[in-house]
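Protein chains in written order, with this note's numbering: chain B, 104 to 375; chain S, 5 to 239.
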């Protein structure tokens, strides 16, 4: 069993503080639903755990089992068993999907995978994800539809076999059938690995086992509950949390000057 | 090294691949078609290419440059008669203190002629890549089409890329487009690949291979192997 522990984490993006003392702990035997209004730190948390350098850790630590991974590089975190299914998977021109999968798989192994073993592995994964095998010869995510990209993320998870999987809005862009396919695979995989799943919709959460629902507000854990918390948020939104003493981040003041002509007027006003 | 002369007669078709060349003189007669594959692995080279393309004749050039130190390539293709066509694709990789200039020009001397140019470069360390040249649609060359596309990835803080191809248009009723990009490696691509376990170097390598692939794929398997080794040596 692996354990991920996030300890009093403060994270900024371009000097804007997003995570403000976030603490969370879970294991590879759990599935956590991570909820929260837009712009309150869900994606930031996932990207920071994976090691994206655009997110600066000001203080706090991330532990994987007993190892402090706060300063580890992205690839080292992947090799330890972390996986992030991205909200916007990159299209990488000229990089063949199956060549990439092979390089990624070999990066996680001591001995390179044999051609036969690799073929068997990816063939099974493509079948499981209901993706035509011919797509393995296409360039990585290039020209893929939104849904195809998301299914390709889950396919990579199947091949890389991580112990903790983070999925960032994996259900956005998926049609009804594709959500069912993704949910079935997650359900099957829940036995083998832990999941931290960000979604705005109850649909995906309904289709899988959820051990805990965690709500992030203003860069902190605001509420923890079970599956009933997801249902309540789905029906009532987040406003009711205020009555429970949860503080929402203050709306940023819009500048009174937004376009050039107004700016000129404002400047003239100032000179009078 | 002596100048290689390539002459195609009326309606003749030919595919030629060279890994050892310096100056080339090409003449294509009516209806002929030449697929020219050039791979350059040498040091300190100056290469001159001159081509003259006749009526409804076409030349397709793929140029893979993995030369070292100083390289200067000057190419001038004249589209001399109606329906003449040239399709040019170049990929180059530089490192250390390499200094490479590619001056690729096309002259549309008559109407209904086409030139398409795609130049791709990757510069590492303190090396420099320059893409220049002029696509000139001359007076009277109505209905001609000129496309220029130049992209350079600069890997390191001291690598330099200059992409400044020029379109010169002296006639109306023509089509012309022009794109030039010089930039660093896409950090989102790097993060994506590294999040799947590839090290920084492996990710850079796979992106570079992908970037140069459209040109390198066109060569024979023997030359492709040489190209792959040349890329590995630099990366």
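All residues carry an ideal CB built from backbone N, CA and C; glycine is no exception. Computed from a predicted structure; not experimentally measured.
Would you call residue i buried or exposed, if buried means 16 or more other Cβ atoms sit within 10 Å of its Cβ?
i, result
"residue 227 of chain S", "buried"
"residue 115 of chain S", "buried"
"residue 161 of chain S", "exposed"
"residue 165 of chain B", "buried"
"residue 122 of chain B", "buried"
"residue 231 of chain S", "buried"
"residue 79 of chain S", "buried"
"residue 370 of chain B", "Summary for residue 370 of chain B: the model assigns pLDDT 47, below 50, so the residue's position carries little reliability; its value from the coordinates is reported in the next sentence. Its Cβ having fewer than 16 others within 10 Å, residue 370 of chain B is exposed."
"residue 49 of chain S", "buried"
"residue 169 of chain S", "buried"
"residue 215 of chain B", "exposed"
"residue 7 of chain S", "exposed"
"residue 363 of chain B", "Note on residue 363 of chain B: pLDDT 43, under 50, position unreliable in the model; no value is reported."
"residue 70 of chain S", "buried"
For residue i, which residues in chain S fall below 9 Å Cβ to Cβ?
i, result
"residue 269 of chain B", "The premise fails here: residue 269 of chain B is roughly 10 Å from chain S at the closest Cβ pair, so nothing lies under 9 Å."
"residue 192 of chain B", "196"
"residue 263 of chain B", "200 and 201"
"residue 161 of chain B", "Within 9 Å Cβ-Cβ: nothing; residue 161 of chain B doesn't reach chain S, min ~20 Å."
Thinking C-alpha only, which one of the options is nearest residue i?
i, options, result
"residue 73 of chain S", "S/131, S/25, S/234 and S/9", "S/131"
"residue 67 of chain S", "S/182, S/59 and S/121", "S/121"
"residue 127 of chain B", "B/110, B/237, B/320 and B/288", "B/110"
"residue 90 of chain S", "S/148, S/44, S/8 and S/234", "S/148"
"residue 55 of chain S", "S/127, S/99, S/10 and S/180", "S/10"
"residue 281 of chain B", "B/294, B/293 and B/255", "B/255"
"residue 109 of chain S", "S/216, S/225, S/98 and S/142", "S/142"
"residue 240 of chain S", "S/24, S/221, S/223 and S/209", "This structure does not reach residue 240 of chain S, given that chain S is present from 5 up to 239, and the question cannot be answered."
"residue 64 of chain S", "S/83, S/46, S/77 and S/48", "S/83"
"residue 147 of chain B", "B/274, B/341, B/320 and B/336", "B/320"
"residue 77 of chain S", "S/59, S/12, S/134 and S/19", "S/134"
"residue 295 of chain B", "B/233, B/197 and B/134", "B/134"
"residue 288 of chain B", "B/114, B/249, B/302 and B/307", "B/307"
"residue 167 of chain S", "S/125, S/219 and S/144", "S/125"
"residue 105 of chain B", "B/112, B/119, B/132 and B/117", "B/132"
"residue 138 of chain B", "B/338, B/301 and B/309", "B/301"
"residue 75 of chain S", "S/52, S/34, S/21 and S/145", "S/52"
"residue 35 of chain S", "S/46, S/85 and S/29", "S/85"
"residue 193 of chain B", "S/224, S/157, S/190 and S/216", "S/190"
"residue 12 of chain S", "S/44, S/61, S/151 and S/157", "S/61"
"residue 224 of chain S", "S/43, S/106 and S/104", "S/43"
Please compile the residues from chain S whose C-beta is within a distance smaller than 7 Å of the C-beta of residue i.
i, result
"residue 153 of chain B", "199"
"residue 259 of chain B", "200"
Give me the chain B residues within the contact set of residue i, using Cβ-Cβ distance strictly less than 7 Å, ordered along the chain.
i, result
"residue 67 of chain S", "Going along chain B, no residue has its Cβ under 7 Å from residue 67 of chain S, so there is no contact; the nearest lies around 17 Å."
"residue 217 of chain S", "197"
"residue 214 of chain S", "195, 196, 197 and 198"
Listing by chain order, which chain B residues have their CB less than 9 Å from the CB of residue i?
i, result
"residue 161 of chain S", "The contacting residues do not exist; residue 161 of chain S stays about 16 Å from chain B at best."
"residue 206 of chain S", "178, 206 and 210"
Going by DSSP, which residues form a beta bridge with residue i?
i, result
"residue 340 of chain B", "Its beta-bridge partners do not exist; DSSP assigns none."
"residue 185 of chain S", "S/155"
"residue 159 of chain B", "B/115"
"residue 80 of chain S", "S/54 and S/109"
"residue 7 of chain S", "None, per the DSSP bridge assignment."
"residue 42 of chain S", "S/22 and S/67"
"residue 75 of chain S", "S/49 and S/104"
"residue 130 of chain B", "B/106"
"residue 220 of chain S", "Residue 220 of chain S is not bridged to any residue."
"residue 300 of chain B", "B/136 and B/270"
"residue 124 of chain S", "S/95 and S/155"
What does residue i touch in chain B if you count any residue whose Cβ is under 8 Å from its own?
i, result
"residue 193 of chain S", "193 and 195"
"residue 231 of chain S", "By Cβ distance, chain B contributes nothing, its closest Cβ being about 14 Å from residue 231 of chain S, past 8 Å."
Identify the contact partners of residue i in chain S, using a Cβ-Cβ distance below 8 Å as the criterion.
i, result
"residue 170 of chain B", "The contacting residues do not exist; residue 170 of chain B stays about 17 Å from chain S at best."
"residue 187 of chain B", "199"
"residue 181 of chain B", "198, 199, 200 and 201"
"residue 203 of chain B", "197, 200 and 210"
Practice prompt. Decide yes or no for the touch test of the stretch 268-285 of chain B against the stretch 145-157 of chain B: beta carbon pairs closer than 8 Å, at least 3 of them.
Written response: Touching, per the Cβ criterion.
Worksheet item: Taking one C-beta from the stretch 305-316 of chain B and one from the stretch 250-261 of chain B each time, how about it: are there three or more such pairs within less than 8 Å?
Response: Verdict: no, contact absent.
Worksheet item: Hey, is the stretch 178-186 of chain S in contact with the stretch 130-143 of chain B, meaning 3+ C-beta pairs nearer than 8 Å?
Response: The way I'd put it, the stretch 178-186 of chain S doesn't touch the stretch 130-143 of chain B; fewer than three beta-carbon pairs between them come closer than 8 Å.
Worksheet item: How do the stretch 344-352 of chain B and the stretch 321-335 of chain B stand: do at least 3 beta-carbon pairs fall below 8 Å, yes or no?
Response: The stretch 344-352 of chain B vs the stretch 321-335 of chain B: in contact.
Worksheet item: Pairing CB atoms from the stretch 203-211 of chain B with CB atoms from the stretch 198-209 of chain S, are three or more of them under 8 Å?
Response: The stretch 203-211 of chain B is in contact with the stretch 198-209 of chain S.
Discussion item. Would the stretch 159-178 of chain B count as touching the stretch 225-236 of chain B if we require 3 or more Cβ pairs under 8 Å?
Written reply: Flag = no, the stretch 159-178 of chain B and the stretch 225-236 of chain B do not touch.
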